[in-house]
Structures are given as C-alpha cells and as structure tokens.
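Asks: Here it is, the structure in full.
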Amino acid sequence: MKKIIAFLILFTVLLSACNVAGNNTQTSPTTYDINDWDSVVAAAKGQTVNWYLWGGSESINNYVDSFYGKALKERYDITLNRVPVADTVDAVNQVLSEKQAGKDPGVVDLIWINGENFATLKQANLLLPAWADKLPNSRLVNWDNPAINRDFGTPVDFQESPWSSAQFQLIYDSARMQPEDLPRSYAELKDWVVENPGRFTYIAPGPGGFQGTRFAKGALYEFSGNVEQWGNFDQAIWDEYSPLLWDYFNDIKPYLWRQGETYPKDENELHSLFANQEVDFSITQAIVGAGALIEQGLVPETARAFVFDNYMIGDFNYVGIPLNAPSKAAALVLANLLLDPEFQAAQVLPENGFGLGFGIDINRVTDSAELTKLQEASQKLGDAATPPSDLAKALVGDTAAEYQSLVEEGWRQFVLLAQ
Amino acid sequence: MFKRMDFSSPWIKLAPAILVISLLFGASILFGLAQSFGLMTGTGQESISFEAYRNVFSGQGPAGREFWSSLGFSLWVATASTLLSAIGALTIAIWLSNRKGKSQQTDTLALNWNLAFPHLVWAIALLLFFSQSGLLARFAATLGLIQMPADFPILVKDRSGIGIILDYVTKEIPFLTLIVLAVLRSQAENLDIVAENLGASRWQRLWYITIPQVLPALMAGSLIVFGFVFSAYEVPAILGVRYPRMLPVLALDFFLNPDLNSRAEGMVISFVITLIVMIVAIISLRGEKEDTQE
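Chains L and U, in that order, give the protein sequences.
Residues are numbered in my numbering as their position in the first sequence, beginning at 1, plus a constant of 656.
Residues are numbered in my numbering as their position in the second sequence, beginning at 1, plus a constant of 1.
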C-alpha cells in the first residue's frame, strides 16, 4: 500500500511539474486596442515574449539576442525569450497540439515563419488575424507587392508581418571556376551538367526541401518564358509545361551526382557536398550570398554567389502570432521593431551574421538619415554576394500556392521514382 | 466481494507500472487512431473518415505510390539485419564461450562497450567513415587505391539499404552475442562434456547440444531486433536515400507535411508499423510460453 501511495504522490508531482513547465510564462491579460499603438506598448511593458525561430545558425541567434533582445529591454521593458527550434514545423506543431489540448494561453508568442508553415497555421485558423497593417512601421512595407501580400501564393491577409527578404542564388567556388564559365540559364546548366558528369545535384523538392522546389519552379518559368501566368493556378498551363520539367530533370539525371540515385534533402547536405568538392554548385537564399555561410565555416572562403540571367525566385519571410499567444502585445511590439529602419539596415550587413535582405521598401523611408544608413548597408554586402544589379535583373516572384505540392509530388512520381 | 485485498498478487505490484504505461501509451495510441481517421488533425474535421486508409492502401496518390515499396523495403532491411545479426552473434558467442577467466571479462566489456553508443551516433560515424567523401574514401584516394574519393564504392545512402543494414548488424551482433553468451556460460558446459565422453564429434556437439540450447534465447532476441529495426527512424533517416524509404521515415514525412490532411496518412502508416511490431511481439511471447511448458 505504501508503494501505491508513494507512486500516486510521485505521479501527482509529475503532473503538476508538467503543468508548471507549461505555464511558466506570465499570462497578464492586460488589454490593448490594436488601433491605439500606445495602448499596445503600455500593455507590453514588463511582458516576456517567447519567440520561436529556427535556431540552426549560431550567427543568427547572436544577432537576434544582441540587437532585438537588447533594444526590447531598454526601450520597452520587454524580455526576449528566444526559443530555438530545429525546424519551424516544430513551433507549428506546438501550436497545433495546444489547440488540440484546448490550451489557451499557450506558450508561443511569435514565430519566424513563411510558406508552407504559414499555410498550415492559416488552414487551421490558429493565427491572430488582421494585425500586420496596424503596426506603425507597416507604412514602410509595400503591401501592394504580390511577393509580400502572398506567401508561397497563400494570401497573407495581414496575419503575418514581413521581416526580411531572400532570393534564390547559386554558389560556386572561385578557386575552382571562373565567372565566365558559369551557366546563366537552365538550358546552359543542362549543357554544363552533361559536360561535367557527377558534378551537380540539387535539393530534392518536397517538404523541408523548399529550395529544391524553388529551383524546379524557376525551370518552369524559363520553359514557358512567362512568369505572370503562374501567379494564379491554371491546370491547363500545368499540364502543358510540367512534362517539360520532368523531361529536363530526367535528361540530366544520368549526369548528376550519384546518377540521380539519391539527392540531398536540405541546404546543409548540399553545402557539405559542395565543401567536400563532390559537386561544384550549392545554393543559398541570403542577400549576402555565400558570406554568412563562409562565416559559419560551411563553405570554403573562396565561395561566391551568382544568379542566372533570369527567373531567380525571391520572396519574403515573416513573423506570425498564434491566436493563443500569452503576450500578444509584446509580440506586436517586436514585430514592429523588426521593421524599424535601424534594424533593417543592421540585418543585411554580413558582419552582423543575419544576412537576409530588407523586409521594407526603402523608397518609403522619409527620414534622410535612416535612408542613408539603409543605402550604405546595401552597398556593403561583401565579395561573396551576388552583385545587387544581377539580383534585381533576375528577380521574379513565386508561383501560386497550388503549384507547390504539384511540383513536389510530381517530381517524386515522375523523376525520383521513374527508373 | 473479496474479504481482504491480497497485496502479494503480482498484478497489484505491477499496477504502478501498468498504470503509467497504459495511460501514456494508451492515450497516445487512441490519439493516433483518432488522427488516422481524420479527427483532431487541426483541420476541424468532426466525422470519421476512411479516406487516409484508402489513400495509403490503394497504391494511388502520393502516400499510396510509395507505401507498398516502403513496406517491402522495411521488411527487407529488418529481415536481412536480423538474420545477419543472429548468424554473426551465434558464431561469435560460440567462439567466445570457450575462453575462460580474465579474457571472459574482457569480452563482456568489449561487447558492452558497443552498446553504449546510441544508434544516432553510430549512424553518423558510419557516414563519416564510409560515404564517398568520408575518411576511408580519402585514405583510399591518397594511397592511390582509387583515383578520386568519389570512386569509392557506395556503401551508405544506397538504394538497397546496405548502409542501414551495416549499421544495425554492427550494433545488434554485440547485443545478441551477450544474450547467447549468457546462456552458454551458465549451462552449456556439462552437457558438452558428457557428449564428448560419449564420443560426439565437435560438429555433432554444436548441432545437437549447443544450438538447441541457445536457440530460444536467440529467437527471442532476434524478434526484439526485428521489431526495433522495423520501427526505428533515425538510422534510415541518416543512411537512407530519398527513395525507397523505410516506413518510419515515410510516416514522419507525411505527418510533418504542411498539408494537415496528410497527417492522417502519416498516422495510418504508423499504425501499420505498430501492427507488424505487435504481431512480432505476440509471436515472441508465444515462443517463450512454449519453451517454459516443455
């Protein structure tokens, strides 16, 4: 009997421990009016904001702590609790599980999010609606740009606020290749691959490998020669051009690394193949090109970014607030801070370790001192970056959301599984 | 009604453990079952649907297209790993069982040493050694055995699952050897000596005495290995290819798919894994029962 009692006591302690662990964030229900920014700032005072973001890069973690963490504390008396996740889907699952368990307030205040994870939370109605356009710094965001008001084709509906921008680029090693020998289109890439068997591969398109999906979409753009038509879903267009895409990938398959028997599943795997000199190209999304990767020691110091002449998909990434966030006001203040010109200028500089592009439209910045700072920052992207003019020339937006899974499933069916 | 609670009953003693296990496992199994019927996947669906089961078993659609080949691949990897581990363990155990005294302790230590490594660490170590840009490939290239590291034979991340099997075999041989060795060291010797005195040859002794003695333990151990290999995630995730994938990798991929409707399919695949492991567990329990009845 003693044992049973002891067990019951232990069990209760365990249960309450779980409960404590789950509720350790303060849940001050201080009210605020989203249309009155002062009331938001007042409500946020003293709160702790739990920011869930991909923690795989030490330099990004440091940047977040030293820039935003410090400013939040000093200016707004908000404590930043950065919660690193291995994959954003972990934060999404946290919010989903809280919903299933009926837990409100939950533990997540803000998530660094975009694309498929945003679509998941939106599909499940788990995001705070209609707030992003209410932030004071939202006036600096070009909401008319379809690349901003649609995320992987899903309408944003002000349920997330932009942080930074990225654009698909390739990386080569300047110690191994000369800029004039680089392929500048998908057609040229095919020739290069055939001439250099085993020296190229790409990330398998699929969940977790969105860069591979993006690479495939760029090819669709080139084959059709028309970007606009992909902005809305049209089955006829898909039926017309998708066979060309599978043909392209199947044609280069015998000349790929490992003859296309397998593919790297994410960016890190491709970087390590590139660094090990197994393949000659890697990819990146960062505006500083290979700069941040060199800092992290993932690629050789001679690595440089480049783009094709056209069809290099660019997009924005965002922050979203779950509907059951415990400190919504603090999350709003942080989302607003991310758009502040001061921090927008800081985030593009390679030495700060973040290295993604502006989330705001710098033409909307009226303060001349701030504007100069932003312009200066964009001039200092480092040697490993793609020249900004090349980037701008090749920039195109993403396709409608429907194509995402069509490309991923079609690629598995017609390229990977095809013998 | 009983007059007095009998606290010496094993069920009472086991109650705490059973309670925790049935609460934690039972709840998650029910939860998973509900998700496989499309409930509680976050999509707001409130009625039971068999769509996910249909999608997975029909061989149509993204989940179905890969399911049957994944099932076949999982069975192949699990069977091959188990058989090779069992044969290897038997051979090594018989060889080691003749060693006496201090070397006996050394052997046990050496076998236990390997068990301390998690599969995750072991798999990454294999990757670092055997991949085409791995240590061995570089040594071979430096020594001039192959022209460049990429010529190294493909031993990990290969389509036939050699890398995965290699990981499991090297990890499970010591595990099974310890089990067999425990049996051999505790009882085999006397019978062996009797048989030798009666004129049995070395092979006869092995075949008629040693193997029947260790077989029940080896069988039980092998079924544990099979169940583990069949349902473990990390090794095939690290050492596998994009296609074919083992069932646990496939299940997690669908469970984490951004489309919430795919979660049901991921759960269906998880249930197939659970079912097969449970069948293996029942067979192994049956086998044990028969042994004790003999």
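Using N, Cα and C, we set each Cβ at its ideal position, and we do this for glycine too.
What's the C-alpha gap between A673(L) and S187(U)?
Replies: The residue given as residue 673(L) occupies position 17 in the first sequence. The residue given as residue 187(U) occupies position 186 in the second sequence. Unreliable positioning characterises A673(L) in this predicted model, as indicated by a pLDDT of 47, which lies under 50. The coordinate reading is nonetheless provided below. Answer to the nearest angstrom: the Cα atoms are 45 Å apart.
Asks: Can you list, in chain order, the residues of its chain with a C-beta nearer than 7 Å to that of R66(U)? Leave out the 5 residues immediately preceding and following it.
Replies: In the second sequence, residue 66(U) corresponds to position 65, counting from 1. Hits under 7 Å: G60.
Asks: So, helix, strand or coil for S820(L), using DSSP?
Replies: Residue 820(L) sits at position 164 when you count from the first residue of the first sequence. Strand, per DSSP.
Asks: Apart from the five residues on each side of it in sequence, which residues of its chain come closer than 6 Å, Cβ to Cβ, to L253(U)?
Replies: Here residue 253(U) is taken as the residue at index 252 of the second sequence, counted from 1. There are no such residues.
Asks: Between N258(U) and chain L, is any beta-carbon pair separated by less than 8 Å?
Replies: Working through the second sequence from its first residue, we reach residue 258(U) at position 257. Chain L contact via Cβ: present.
Asks: Span of the beta strand (DSSP E) holding F972(L)?
Replies: As a first step, residue 972(L) must be located in the first sequence, where it is residue number 316. Start and end: 968-976.
Asks: Keeping to the same chain, check which residues put their C-beta closer than 8 Å to that of V170(U); ignore five residues upstream and five downstream.
Replies: Here residue 170(U) is taken as the residue at index 169 of the second sequence, counted from 1. The residues are S82, L85, S86, G89.
Asks: In terms of DSSP beta bridges, what is N737(L) paired with?
Replies: Walking along the first sequence from the start, residue 737(L) turns up at place 81. Looking at the DSSP assignment, N737(L) forms a beta bridge with N706(L).
Asks: Check whether the stretch 127-142 of chain U touches the stretch 875-891 of chain L, counting contact only when three or more Cβ pairs, one atom from each stretch, lie closer than 8 Å.
Replies: The answer is no - the stretch 875-891 of chain L does not touch the stretch 127-142 of chain U, with fewer than three Cβ pairs under 8 Å.
Asks: Which word fits A872(L), buried or exposed, when buried means at least 16 other C-beta atoms lie within 10 angstroms of its C-beta?
Replies: The count along the first sequence starts at 1 and reaches residue 872(L) at position 216. Classification for A872(L): buried.
Asks: Distance check for S695(L) and P818(L), CA to CA, integer angstroms please.
Replies: Sequence index remark: in the first sequence, residue 818(L) carries index 162 (1-based). Sequence index remark: in the first sequence, residue 695(L) carries index 39 (1-based). Each residue's alpha carbon lies about 22 Å from the other.
Asks: Taking the runs of the beta strand (DSSP E) that are 3 residues or longer, which of them lie wholly in the stretch 786-854 of chain L?
Replies: Runs found: 816-823, 825-829.
Asks: Of the choices A727(L), T869(L), L1027(L), G916(L), whose alpha-carbon is the least far from that of E1065(L)?
Replies: Locating residue 1065(L) in the first sequence gives position 409, where the first residue counts as 1. The residue with the shortest Cα to Cα distance from E1065(L) is T869(L).
Asks: Can you round the beta-carbon distance between I804(L) and F972(L) to whole angstroms, since I take them to be within the 8 Å contact cut?
Replies: As a working mapping, residue 804(L) is identified with position 148 in the first sequence. As a working mapping, residue 972(L) is identified with position 316 in the first sequence. Indeed, because the Cβ distance is near 5 Å, the residues count as touching under 8 Å.
Asks: Based on Cα-Cα distance, which residue from D733(L), V741(L), L783(L) lies nearest to E816(L)?
Replies: Within the first sequence, numbered from 1, the residue matching residue 816(L) stands at position 160. With distances taken between Cα atoms, E816(L) lies closest to L783(L).
Asks: Can you tell me whether R960(L) is helix, strand or coil according to DSSP?
Replies: Here residue 960(L) corresponds to residue number 304 of the first sequence, with the count starting at 1. If DSSP states are grouped into helix, strand and coil, R960(L) belongs with the strands.
Asks: Roughly how many angstroms separate the alpha carbons of P154(U) and W799(L), rounded to a whole number?
Replies: As a working mapping, residue 154(U) is identified with position 153 in the second sequence. As a working mapping, residue 799(L) is identified with position 143 in the first sequence. The alpha-carbon atoms of P154(U) and W799(L) are separated by roughly 53 Å.
Asks: What do you reckon, are the CB atoms on L791(L) and V705(L) nearer than 8 Å?
Replies: For this step, residue 791(L) is matched to residue 135 along the first sequence. For this step, residue 705(L) is matched to residue 49 along the first sequence. Result no, Cβ atoms of L791(L) and V705(L) do not sit closer than 8 Å.
Asks: Measuring CA to CA, which of R855(L), V797(L), Q1069(L), L900(L) is closest to L912(L)?
Replies: Mapped onto the first sequence, residue 912(L) falls at position 256. The shortest Cα separation from L912(L) among R855(L), V797(L), Q1069(L), L900(L) belongs to R855(L).
Asks: Determine, for Y244(U), whether the minimum Cβ-Cβ distance to residues of chain L falls below 8 Å.
Replies: The residue you call residue 244(U) lines up with position 243 of the second sequence. Yes - at least one Cβ of chain L is within 8 Å of the one on Y244(U).
Asks: Is it buried or exposed for N1047(L), if we count other Cβ within 10 angstroms and need 16 for buried?
Replies: Along the first sequence, one-based indexing puts residue 1047(L) at 391. Here the sequence assigns Leu to residue 1047(L), which means Asn is not the residue at that position. Result: buried.
Asks: Is the Cβ-Cβ distance between T857(L) and G945(L) less than 8 Å?
Replies: Numbered from 1 along the first sequence, position 201 holds the residue referred to as residue 857(L). Numbered from 1 along the first sequence, position 289 holds the residue referred to as residue 945(L). Not in contact: T857(L) and G945(L) (Cβ atoms no closer than 8 Å).
Asks: Identify which residue in P259(U), W96(U), E266(U), P213(U) has its Cα closest to the Cα of L251(U).
Replies: As a first step, residue 251(U) is located in the second sequence; it is residue number 250 there, counting from the start. The residue with the shortest Cα to Cα distance from L251(U) is E266(U).
Asks: Starting from T776(L), follow the alpha helix (DSSP H) in both directions and report where the run begins and ends.
Replies: Looking up residue 776(L) in the first sequence gives position 120. Taken as a continuous stretch (DSSP letters only), the alpha helix (DSSP H) holding T776(L) covers 772-779.
Asks: Give the secondary structure of I19(U) by DSSP, where H, G and I count as helix, E and B as strand, and everything else as coil.
Replies: Here residue 19(U) refers to the residue found at position 18 of the second sequence. Of the three classes helix, strand and coil, the one that applies to I19(U) here is helix, per DSSP.
Asks: Would you call the stretch 949-966 of chain L and the stretch 743-758 of chain L touching, i.e. three or more CB-CB distances under 8 Å?
Replies: No: fewer than three Cβ pairs fall under 8 Å.
Asks: List the DSSP bridge partners of T1022(L).
Replies: In the first sequence, residue 1022(L) corresponds to position 366, counting from 1. Its beta-bridge partners do not exist; DSSP assigns none.
Asks: Indicate whether D168(U) and L240(U) have their beta-carbon atoms separated by less than 8 Å.
Replies: The residue labelled residue 168(U) in the question sits at position 167 within the second sequence. The residue labelled residue 240(U) in the question sits at position 239 within the second sequence. Cβ distance < 8 Å, so D168(U) and L240(U) count as in contact.
Asks: Does the Cβ of W123(U) have 16 or more other Cβ atoms within 10 Å, making it buried, or fewer, making it exposed?
Replies: On the second sequence, residue 123(U) is found 122 positions in, with the first residue counted as 1. Per the 10 Å Cβ criterion, buried.
Asks: Looking at the unbroken beta strand (DSSP E) that takes in W768(L), where does it start and where does it end?
Replies: Stepping through the first sequence from its first residue, residue 768(L) is reached at position 112. Unbroken beta strand (DSSP E) run through W768(L): 766-769.
Asks: What do you reckon, are the CB atoms on L207(U) and I93(U) nearer than 8 Å?
Replies: In the second sequence, the residue the question calls residue 207(U) occupies position 206. In the second sequence, the residue the question calls residue 93(U) occupies position 92. Result no, Cβ atoms of L207(U) and I93(U) do not sit closer than 8 Å.
Asks: Using alpha carbons as the reference points, say which of A183(U), Q214(U), F176(U), E173(U) lies closest to D193(U).
Replies: Your numbering for residue 193(U) matches position 192 in the second sequence. That would be Q214(U), whose Cα lies nearest to the Cα of D193(U).
Asks: CA-CA distance, Q106(U) and N113(U)?
Replies: For the purposes of this step, residue 106(U) is taken as the residue at position 105 of the second sequence. For the purposes of this step, residue 113(U) is taken as the residue at position 112 of the second sequence. One C-alpha to the other measures close to 11 Å.
Asks: Just reading off the beta strand (DSSP E) that S938(L) is part of, what are its end residues?
Replies: The residue labelled residue 938(L) in the question sits at position 282 within the first sequence. Its beta strand (DSSP E) spans residues 938-940.
Asks: From the beta carbon of P306(U), is the nearest beta carbon of chain L less than 8 Å away?
Replies: Here chain U covers residues 2 to 295 and nothing more, so residue 306(U) does not appear.
Asks: Going by the DSSP bridge assignment, what does L783(L) pair with across the sheet?
Replies: Indexing the first sequence from 1 puts residue 783(L) at position 127. For L783(L), which the question treats as bridged, DSSP gives the partners P978(L).
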